[in-house]
Amino acid sequence: MPPIAPAPKLASRLSHWTGVAPAWLAALLLAHVAFVALRFPQGSVRKRGQLIEAAQAAGPLWHFVHADGETKRIVAWLVRHAPADQAIAYDGPGRGLMEPLAAVLAPRLVVHASLVQPDGTALGRRVFAGHPAGEPANGRFGVVDATDGSELRWALRSPR
Amino acid sequence: MSAPWLPATLALFALIAHPLWLLGLPLPSWLLAACGLAALPLARRELRPPRLGVLGASALLLGLAAVTWGACATDSRVWDGFVAWGATAKWLALDGSLQQPVFTEGATYLPSRGYPLLQPALLAQTMTWLGPLGGRLLFPCLWLSMLLTVARTLHARGAPPRTVGLCVAALALLPAMTEGREGAADSGYADLLVAVLLTHAAAALLRDRRLAFALACLLLPMAKNEGLVHASVLVACAAARGRGAVPIAGAIGAAVGLLLWAPLQARLAAPGGASGAAWLALPLVPVAALAFGAGLARRRWRLPLALGSLAVAGAIAACGGFAATALGGAFAALGRFDVPWSELPRIAGRVFYEAIHPVKVGLTFLLPFVVAAWLRRRGVALDGTGALLAAIGVALLAIVAFVALGPVQLRSDFLRTGVDRYVAQWVGVGWLAAGALLAHGRPAEPELL
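Protein sequences appear in the order of chains L and B.
At position 39 of the first sequence (counting the first as 1) the number is 39 in the numbering used here, and the numbers step up by one without a gap.
At position 81 of the second sequence (counting the first as 1) the number is 81 in the numbering used here, and the numbers step up by one without a gap.
What follows is the structure, encoded as structure tokens:
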């Protein structure tokens, strides 16, 4: 009768199953895999689903969710009404909320207000001169006032 | 001579796109597809899918589904992915040219002015073909390439299939890449592209493949500014390992990449201004890194080569290459030896905390060093894997140096949302090193009594 092999201990089973020796290294590898696998449903699926749902609901205003209501109103109005072939003027240092505003307005050019010419153009493009409340431009151009960076305001200015 | 399909495709694309831009010409919308086809003969041995086992394949499919869903459901939901990388891609998608006012007129508003163009150009090409959201399939494709490279390389190193499957699962489900935070695979940041290129470069080092290493080093500086540092670190570590041709190929690749990208960046960062010739010094950085590494490998050359390469690095810092970027600012501060010593412990602590952050990277960086220590204690040589560990270690120190020497006003931003991304760029290299080292100590075949 052939000799019967003794049942392998847990450590050698672990090493054999993972292909890693010694068993404590195999256990470390398995611990990492188990941790990331357990985290996956919550971190990569549930949280991502919530974020996607919120982003789809916010649309172009997603990067302005923490901004004040007036900023959101101006962004939504510009996205809807500024023609693609016109430039949008801005004033201020260009940090903060100006960054997503320029991205959300692309391919419209965003130019500094100091570049607007007396004829209401900048870099050869007409500068958008509408107003959310329907105020007539009367030769003035619109400008996004981003002095603060944490809020955006809209005003009509006369070219210099 | 062969090379993996993805870096070969991207390198062909970059080698055509950058000269076209320098000449003021637009990229044709079919360029990426043509480069993909042209790269097929180079990659004929790399196209078979590696065996991953049930666990590895399941984890890979789960991760791929999450990243694809996250990438294609909306435009980038994370700040820089939207305002910097994604916005540039939208401009490039208009006609593929840099002759548009947004690039040629410094007075137009573009927050990412002077950022590398490789990822935006790739995204612009895929967006032209597949639409604004469909084009974002680029990101899951890049992520998949990183996973398959790890699997293929570990198979080639003789790792048991289950070890390969476990390492792939460990990387595929890693929160730093699969959860949608800054720098994750679906965030739209260029950190994923850097991670993929680093993984390809590390795989080429492990397999002594000159062309693949050269292509990855060529692409790194074109992907993100810190790619210059990454390529130089890899070249130096490969040279210190003492295998002649591979680090030389890497240094040539990185130098060519910089020769094509640096003049374009100088032009884009200051449109219409005098860019000077400071950028001409940048291709010397990987060459200095090669000399430094080679000097470390040969005892007699150590001192002269170390001093020579330090002098080259000092000259580069003094001449102001990359001046318009945070990395250029760090170079300049290094040249002035303007080190904020009191800040160093806080910065170093943060960097090393991010490297062992359980919820972001788990054991990615700890495990390879633990296995290496165990193997060294048993007298087992680490073979080529030692170079990867050295590269990870030097890269962590480079992150500390960059955050310390970079612009003071950006330091808290870098510490809050930058350091974890910079560390996560190395996750593919971490699992490549861990798998290769675990394969060293694999158990003998079981014997039945």
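Idealized CB from N, CA, C, for every residue including glycine.
CB of residue i within 8 Å of CB of residue j, strictly
i	j	result
B/PRO271	B/THR104	yes
L/LEU115	L/ALA106	no
L/VAL104	L/VAL144	no
B/LEU171	B/VAL150	yes
B/VAL419	B/ILE399	yes
B/ALA254	B/VAL229	no
B/ALA201	B/ILE252	no
B/LEU260	B/HIS18	yes
B/PRO160	L/GLY19	yes
B/VAL359	B/PRO175	yes
B/ALA387	B/LEU205	yes
B/VAL168	B/LEU60	yes
B/VAL361	B/ALA424	yes
B/THR417	B/GLU182	yes
B/THR199	B/GLY428	yes
L/GLY120	L/PHE141	yes
B/LEU415	B/ILE356	no
B/ALA291	B/LEU305	yes
L/ALA58	L/VAL65	yes
B/GLY349	B/THR163	no
Chain B residues whose Cβ lies nearer than 8 Å to that of residue i
i	result
L/THR147	Under the 8 Å cutoff, chain B gives no residues; its nearest Cβ is about 15 Å from L/THR147.
With 16 other Cβ atoms within 10 Å as the buried cut-off, status of residue i
i	result
B/TRP129	exposed
L/PRO41	exposed
B/ASP186	buried
L/LEU14	buried
B/SER412	exposed
L/ARG46	exposed
B/THR108	buried
B/GLN99	exposed
L/GLN50	exposed
B/SER342	exposed
L/THR147	exposed
B/PRO286	buried
B/TRP426	buried
B/PRO4	buried
B/PRO49	exposed
B/PRO7	buried
B/ALA439	buried
Partner residues on chain B for residue i, Cβ-Cβ distance less than 9 Å
i	result
L/LYS47	GLU179, GLY180
L/VAL111	PRO101, GLU105, ALA107, THR108, TYR109
L/GLY94	TYR109, PRO111
Chain L contact residues for residue i, given Cβ-Cβ distances below 8 Å
i	result
B/TRP69	ARG48, ILE52
B/ALA3	Chain L residues near B/ALA3: none, gap ~29 Å exceeds 8 Å.
B/VAL83	HIS63, GLU99, PRO100, ALA102, ALA103
B/ALA115	Note that residue 115 of chain B is Tyr in the sequence shown, not Ala. Near B/TYR115 there are no residues of chain L at all, since even the closest Cβ is about 13 Å away, more than 8 Å.
B/LEU94	PRO107
Chain-ordered neighbours of residue i on chain B, where CB pairs are closer than 7 Å
i	result
L/ARG39	PRO175
L/VAL33	LEU166, ALA169, ALA170
L/THR121	Correct list: empty, because the minimum Cβ distance to chain B is about 12 Å.
L/THR18	ARG162, THR163, LEU166
L/SER44	ALA66, THR178, GLU179
L/GLY36	As written in the sequence, residue 36 of chain L is Val, which differs from the Gly given in the question. Going along chain B in sequence order, the residues near L/VAL36 (Cβ under 7 Å) are ALA170, LEU173, LEU174, PRO175, GLY362.
L/GLN86	Residues of chain B passing the Cβ test: none, with the nearest at roughly 13 Å.
L/ALA106	ALA87, LYS90, TRP91
L/ALA55	THR74, ARG77
L/LEU156	Residues of chain B passing the Cβ test: none, with the nearest at roughly 20 Å.
L/LEU152	Neighbours of L/LEU152 on chain B: none; closest Cβ ~13 Å, over 7 Å.
Residue i: contacting residues in chain L (beta-carbon distance under 9 Å)
i	result
B/PRO407	Per Cβ cutoff of 9 Å: no residues; B/PRO407 is ~13 Å from chain L at best.
Closer than 7 Å at the beta carbon, the chain L residues around residue i
i	result
B/LEU62	PHE40
B/LEU432	The premise fails here: B/LEU432 is roughly 14 Å from chain L at the closest Cβ pair, so nothing lies under 7 Å.
B/LEU206	Near B/LEU206 there are no residues of chain L at all, since even the closest Cβ is about 18 Å away, more than 7 Å.
Which ranges does the alpha helix (DSSP H) cover as unbroken runs of at least 4 residues, wholly within the stretch 60 to 137 of chain L, from first to last along the chain?
Residue ranges of uninterrupted alpha helix (DSSP H) with 4 or more members, entirely inside the stretch 60 to 137 of chain L and ordered along the chain, are 69 to 81, 98 to 105.
Length at least 3, wholly inside the stretch 348 to 388 of chain B: the beta strand (DSSP E) runs in chain order
Listed in chain order, nothing qualifies, since the stretch 348 to 388 of chain B has no complete beta strand (DSSP E) run of 3 or more residues.
Taking only runs of the alpha helix (DSSP H) that begin and end inside the stretch 21 to 102 of chain B, which ones reach a length of at least 4 residues, in chain order?
For the stretch 21 to 102 of chain B, whole alpha helix (DSSP H) runs of length 4 or above, ordered along the chain, are 31 to 38, 53 to 73, 87 to 95.
Are the stretch 21 to 39 of chain B and the stretch 149 to 156 of chain L in contact at 8 Å, needing three or more beta carbon pairs?
Contact between the stretch 21 to 39 of chain B and the stretch 149 to 156 of chain L is absent, with fewer than three C-beta pairs closer than 8 Å.
Do three or more CB pairs link the stretch 364 to 371 of chain B to the stretch 290 to 303 of chain B at distances below 8 Å?
Contact between the stretch 364 to 371 of chain B and the stretch 290 to 303 of chain B is absent, because fewer than three Cβ pairs lie under 8 Å.
For the stretch 207 to 246 of chain B, list the alpha helix (DSSP H) runs that are entirely contained and at least 4 residues long, ordered along the chain.
Correct list: 210 to 223, 227 to 241.
Is it the case that the stretch 21 to 30 of chain L contacts the stretch 137 to 157 of chain B, given that we only count it when at least three CB pairs across the two stretches are under 8 Å?
The way I'd put it, the stretch 137 to 157 of chain B doesn't touch the stretch 21 to 30 of chain L; fewer than three beta-carbon pairs between them come closer than 8 Å.
At 3 residues or longer, and completely inside the stretch 109 to 158 of chain B: list those beta strand (DSSP E) runs for me, N to C.
For the stretch 109 to 158 of chain B, not one full-length beta strand (DSSP E) segment reaches 3 residues or more.
Given 8 Å, three or more beta-carbon pairs between the stretch 304 to 311 of chain B and the stretch 332 to 351 of chain B:
In this structure the stretch 304 to 311 of chain B does not touch the stretch 332 to 351 of chain B; the number of beta carbon pairs closer than 8 Å is below three.
For the pair the stretch 132 to 150 of chain B and the stretch 62 to 82 of chain B, tell me if three or more CB-CB distances fall below 8 Å.
Using a C-beta cut-off of 8 Å, the stretch 132 to 150 of chain B makes contact with the stretch 62 to 82 of chain B, since at least three inter-stretch Cβ pairs fall below that distance.
At least three beta-carbon pairs within less than 8 Å, the stretch 38 to 47 of chain B to the stretch 106 to 123 of chain B
Judged by pairs of C-beta atoms under 8 Å, the stretch 38 to 47 of chain B does not touch the stretch 106 to 123 of chain B, as fewer than three such pairs exist.
Give a yes or no on contact between the stretch 118 to 129 of chain B and the stretch 79 to 90 of chain B, applying the rule of three or more CB pairs nearer than 8 Å.
Enough Cβ pairs lie closer than 8 Å, so yes.
What residues in the stretch 364 to 381 of chain B have a beta carbon less than 9 Å from any beta carbon of chain C?
You won't find chain C in this structure, because its protein chains are L and B.
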